[in-house]
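Residue numbers (the working numbering), protein chains in the order written: chain R, 271 to 439; chain B, 3 to 337.
Below is one structure, written out as structure tokens; the observations come after it.
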């Protein structure tokens with residue numbers, strides 16, 4: 271990436287969210303760096319099914335918060351308040367939005383035991399190999415989860431780029 | 003604001019646009035402005051396993067580079083044209099001189115500077131004209147009558163008109179200062195917005211933004227004030243000046259027009275830079291229009307001064323052209 275001559279406020283994006291029961295927390299920093307952590311004691315007590323449910327919800331909340339913050343910073347960058355994207359204006363826009371809604375982004379931990387996916391960044395799925403949480407300590411689990419989440423984000427950005435090449439080139 | 007960095011911005015715009023295009027074509031960046039075909043990539047370059055598996059020749063790569071850079075080779079020149087815009091601070095000396103002149107011409111009451119509504123303290127030296135009538139009470143004759151009529155009676159009106167005239171010229175300079183300040187800001191915004199738009203093109207949402215041309219609002223209209231002719235207002239010489247948005251106070255009627263906006267969106271470098279080109283053309287147009295507003299007002303003001311010279315300058319005294327042979331006659335004193 272070329273060193274920039276401008277100070278784009280979006281580069282300093284940093285947003286943290288918690289699930290409503292404050293058991294799981296997620297943070298996106300600098301656009302796409304994801305980290306996740308749990309309330310003290312939660313991981314040890316939770317079943318894989320609990321973790322999947324919490325993390326699925328966290329993924330959806332984190333992406334929504336990320337986009338809200340993205341638009342807030344984008345408003346600063348362009349000196350005009352924008353809170354969401356405008357409705358599609360052209361056939362290309364309609365095609366882009368339609369295909370984006372169906373876009374599947376995926377990521378997994380190095381050993382493949384934690385897998386995250388999102389369809390249109392709306393419908394989230396987190397799969398954890400049964401028994402994994404009993405064999406892994408919290409720190410190592412969260413590190414693998416972060417790897418999976420960051421792989422999903424990279425996959426999403428790569429596919430969005432491909433989609434834009436295809437639709438708008 | 004980073005107006006001074008316009009040329010660096012332009013360079014960055016070209017690099018970012020090329021970066022997107024070359025990645026789309028299947029190249030990967032391997033150093034500063036160094037690219038090589040990505041063999042594993044499904045794009046066009048990937049069809050030629052040579053560099054790292056691609057069979058593309060150097061001349062094919064060079065042709066791609068030339069083709070892509072050719073798409074944007076006008077960009078630096080578009081910004082170069084703005085690098086020599088007048089410095090807004092260069093108008094300060096003239097504005098200061100005219101402000102000082104206003105202080106000399108102010109008679110206090112009614113001496114509000116119409117370009118910013120601020121009162122200008124009276125120059126007490128001018129008060130001396132009131133007492134001059136007492137000194138002249140015993141001077142009679144044609145010369146005395148003419149002196150009173152041409153210089154004493156009209157002194158207040160002419161000084162007021164000179165005050166207004168000075169103020170309007172100062173207003174025009176302030177308008178120029180505001181215009182170039184806004185023009186510099188606007189071209190810098192176009193450059194920075196283009197870079198941001200190129201940076202955000204890869205994000206998930208629609209890449210849209212807008213540009214407000216504040217240069218259009220930099221020249222503001224002032225309240226019309228009539229030039230006075232000894233108590234009777236001369237309708238033909240009523241004038242509404244212009245001021246600068248930077249310095250204007252409550253005296254402004256308001257912006258002559260709202261800052262026009264240009265909505266833009268682009269999901270490819272061609273689209274983003276196409277918008278940028280359009281914005282630059284629009285900015286040039288708005289600068290010309292703002293300049294024309296000032297020029298029109300100054301032309302109108304000059305017309306008023308030319309057409310009503312007596313409102314601004316007392317007539318030349320008859321005695322000024324008198325010599326030893328005719329001074330007594332001109333003064334109305336019999337030989």
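C-beta: ideal position from N, C-alpha, C; glycine also.
At a Cβ threshold of 8 Å, is residue 411 (chain R) touching chain B? For this step, residue 411 (chain R) is matched to residue 141 along the first chain. Chain B contact via Cβ: absent.
Beta-carbon proximity of residue 274 (chain B) to residue 244 (chain B), cut-off 8 Å: One-based indexing of the second chain puts residue 274 (chain B) at position 272. One-based indexing of the second chain puts residue 244 (chain B) at position 242. Contact: no.
Can you name the start and end residues of the alpha helix (DSSP H) that residue 145 (chain B) belongs to? Mapped onto the second chain, residue 145 (chain B) falls at position 143. Residues 144-149.
Do the region 167-175 of chain B and the region 299-313 of chain B meet, that is, are 3 or more Cβ pairs less than 8 Å apart? Result yes; three or more Cβ-Cβ pairs closer than 8 Å.
Among the candidates B:156, B:163, B:61, B:270, whose CA atom is the shortest distance from the CA of residue 26 (chain B)? Counting from one through the second chain, the residue named residue 26 (chain B) turns up at place 24. The shortest C-alpha separation from residue 26 (chain B) is found at B:270.
Helix, strand or coil for residue 390 (chain R) per DSSP? As a working note, residue 390 (chain R) is residue 120 in the first chain. Looking at residue 390 (chain R) - three-state DSSP - the assignment turns out to be coil, as it is neither helix nor strand.
Rounded C-alpha distance that separates residue 274 (chain R) from residue 127 (chain B): In the first chain, residue 274 (chain R) corresponds to position 4, counting from 1. In the second chain, residue 127 (chain B) corresponds to position 125, counting from 1. Taking the CA atoms as reference points, residue 274 (chain R) sits about 60 Å from residue 127 (chain B).
Quick check on the burial criterion: 16 or more other C-beta atoms within 10 angstroms. Buried or exposed for residue 216 (chain B)? For this step, residue 216 (chain B) is matched to residue 214 along the second chain. Here residue 216 (chain B) is buried. Its C-beta has 16 or more other C-beta atoms within 10 Å.
Which residues in the same chain as residue 267 (chain B) place their Cβ atom closer than 7 Å to its Cβ, once the five residues preceding and following it in sequence are excluded? Locating residue 267 (chain B) in the second chain gives position 265, counting from the first residue. Hits under 7 Å: 208, 209, 210.
To which residues of the same chain is residue 397 (chain R) closer than 6 Å at the C-beta, ignoring the five residues directly before and after it? Your numbering for residue 397 (chain R) matches position 127 in the first chain. Correct list, in chain order: 385.
Strictly under 8 Å for the Cβ-Cβ distance: is residue 417 (chain R) near chain B by that measure? As a position in the first chain, residue 417 (chain R) is number 147, starting the count at 1. Taking Cβ atoms only, chain B never reaches closer than 8 Å to residue 417 (chain R), which makes this a no.
Give, in chain order, every residue of the region 184-214 of chain B whose Cβ lies closer than 9 Å to some Cβ of chain R. Listed by position along the chain: 191, 193, 194, 195, 197, 198, 199, 201, 202, 203, 204, 205, 206, 207, 208, 209, 210, 211, 212, 213, 214.
Using beta carbons (cut-off 8 Å, strictly below), is residue 40 (chain B) in contact with chain R? Position 38 of the second chain, counting from 1, holds the residue named residue 40 (chain B). It does not: the Cβ of residue 40 (chain B) has no partner Cβ on chain R nearer than 8 Å.
As assigned by DSSP and simplified to three states, the class of residue 141 (chain B): Here residue 141 (chain B) refers to the residue found at position 139 when the second chain is read from its first residue. Three-state result, residue 141 (chain B): coil.
In chain R, which residues lie with their C-beta within 7 Å of the C-beta of residue 239 (chain B)? The residue labelled residue 239 (chain B) in the question sits at position 237 within the second chain. Residues of chain R with a Cβ closer than 7 Å to the Cβ of residue 239 (chain B) do not exist; the shortest Cβ-Cβ separation is about 42 Å.
So is residue 218 (chain B) in contact with chain R if we call contact Cβ pairs under 8 Å? The sequence position of residue 218 (chain B) within the second chain is 216, counting from 1. Under the 8 Å criterion on CB atoms, residue 218 (chain B) is classed as non-interfacial with respect to chain R.
If you run the structure through DSSP and keep just helix, strand and coil, what is residue 36 (chain B)? Numbered from its first residue, the second chain carries residue 36 (chain B) at position 34. The three-state secondary structure of residue 36 (chain B), taken from DSSP, is strand.
Contact list for the region 310-322 of chain B against chain R, Cβ threshold 9 Å: If the cut-off is 9 Å between Cβ atoms, the region 310-322 of chain B has nothing near chain R.
Less than 8 Å between the C-beta atoms of residue 440 (chain R) and residue 378 (chain R), yes or no? As shown, chain R starts at 271 and ends at 439. That puts residue 440 (chain R) outside it, with no answer to give.
Closest to residue 395 (chain R) by CA distance: which of R:349, R:291, R:331, R:282 is it? For the purposes of this step, residue 395 (chain R) is taken as residue 125 along the first chain, with counting starting at 1. Selected option, being the one with the closest Cα: R:331.
Taking C-alpha atoms, which residue in B:321, B:241, B:288 lies nearest to residue 260 (chain B)? In the second chain, counting from the first residue as 1, residue 260 (chain B) sits at position 258. Among B:321, B:241, B:288, the Cα nearest to that of residue 260 (chain B) is on B:288.
Does the region 362-372 of chain R come into contact with the region 319-327 of chain R, if we say contact requires no fewer than three beta-carbon pairs (one atom in each stretch) closer than 8 Å? Using a C-beta cut-off of 8 Å, the region 362-372 of chain R makes no contact with the region 319-327 of chain R, since fewer than three inter-stretch Cβ pairs fall below that distance.
Whose Cβ in chain B lies nearer than 9 Å to the Cβ of residue 275 (chain R)? Residue 275 (chain R) sits at position 5 when you count from the first residue of the first chain. Identification of chain B residues near residue 275 (chain R) by a Cβ-Cβ cut-off of 9 Å yields 4, 7, 10, 11, 13, 14, 193, 194, 197, ordered along the chain.
Starting from the C-beta of residue 339 (chain R), find all residues in its chain whose C-beta is less than 7 Å away, skip the five residues before and the five after it, and write them out in chain order. Numbered from its first residue, the first chain carries residue 339 (chain R) at position 69. Excluding positions up to five away in sequence, the list reads 283, 285.
Residue range of the alpha helix (DSSP H) that residue 74 (chain B) falls in? Taking the second chain and counting its residues from 1, the one referred to as residue 74 (chain B) is at position 72. Under the DSSP assignment, residue 74 (chain B) falls outside any alpha helix (DSSP H); it carries neither an H nor an E label.
With 7 Å as the C-beta to C-beta threshold (strictly closer), list the residues of the region 69-85 of chain B near chain R in chain order. Flagged: no residues at all.
For residue 253 (chain B), name the three-state secondary structure that DSSP assigns. Taking the second chain and counting its residues from 1, the one referred to as residue 253 (chain B) is at position 251. Interpretation of residue 253 (chain B) is limited by its pLDDT of 46, a score under 50 that renders its predicted location unreliable; the figure taken from the coordinates is listed afterwards. Looking at residue 253 (chain B) - three-state DSSP - the assignment turns out to be coil, as it is neither helix nor strand.
Distance CB(residue 145 (chain B))-CB(residue 332 (chain B)) smaller than 8 Å: Position 143 of the second chain, counted from the start, is the residue given in the question as residue 145 (chain B). Position 330 of the second chain, counted from the start, is the residue given in the question as residue 332 (chain B). Note that the C-beta distance between residue 145 (chain B) and residue 332 (chain B) is below 8 Å.
Would a check of beta-carbon distances place residue 19 (chain B) closer than 8 Å to chain R? What you label residue 19 (chain B) is simply residue 17 of the second chain in a count that begins at 1. Not an interface residue.
Give every residue of the same chain whose Cβ lies closer than 7 Å to the Cβ of residue 296 (chain B), excluding the five residues on either side of it in the sequence, and list them in chain order. Translated into positions along the second chain, residue 296 (chain B) becomes position 294. Around residue 296 (chain B), the same chain offers 174, 177, 178, 221, 244 as residues with beta carbons nearer than 7 Å, after the five sequence neighbours per side are excluded.
Return the CA-CA distance between residue 150 (chain B) and residue 313 (chain B), expressed in angstroms with no decimal places. Here residue 150 (chain B) is taken as the residue at index 148 of the second chain, counted from 1. Here residue 313 (chain B) is taken as the residue at index 311 of the second chain, counted from 1. Approximately 16 Å, taken between the alpha carbons.
Hey, is residue 43 (chain B)'s beta-carbon within less than 8 Å of any beta-carbon in chain R? As a first step, residue 43 (chain B) is located in the second chain; it is residue number 41 there, counting from the start. Model confidence at residue 43 (chain B) stands at a pLDDT of 44, short of 50, so the residue's coordinates are unreliable; what they give is reported in the following sentence. The beta carbon of residue 43 (chain B) does not come within 8 Å of any beta carbon belonging to chain R, so the residue lies off that interface.
Residue 26 (chain B) versus chain R: which residues are under 7 Å apart at the beta carbon? By 1-based counting over the second chain, the position of residue 26 (chain B) is 24. Here the neighbours are 435, 439.
Please state if the CB of residue 37 (chain B) and the CB of residue 29 (chain B) are separated by a distance shorter than 8 Å. Here the question's residue 29 (chain B) lines up with position 27 in the second chain. Here the question's residue 37 (chain B) lines up with position 35 in the second chain. Taking 8 Å as the Cβ cut-off, residue 29 (chain B) and residue 37 (chain B) qualify as a contacting pair.
Just the Cα atoms here: how many angstroms apart are residue 327 (chain R) and residue 8 (chain B)? As a working note, residue 327 (chain R) is residue 57 in the first chain. As a working note, residue 8 (chain B) is residue 6 in the second chain. The C-alpha of residue 327 (chain R) lies about 45 Å from the C-alpha of residue 8 (chain B).
Measure the C-alpha to C-alpha separation of residue 6 (chain B) and residue 430 (chain R) and round it to an integer number of angstroms. Within the second chain, residue 6 (chain B) is the residue found at index 4, counting from 1. Within the first chain, residue 430 (chain R) is the residue found at index 160, counting from 1. Rounded to whole angstroms, the gap between the alpha carbons of residue 6 (chain B) and residue 430 (chain R) is 35 Å.
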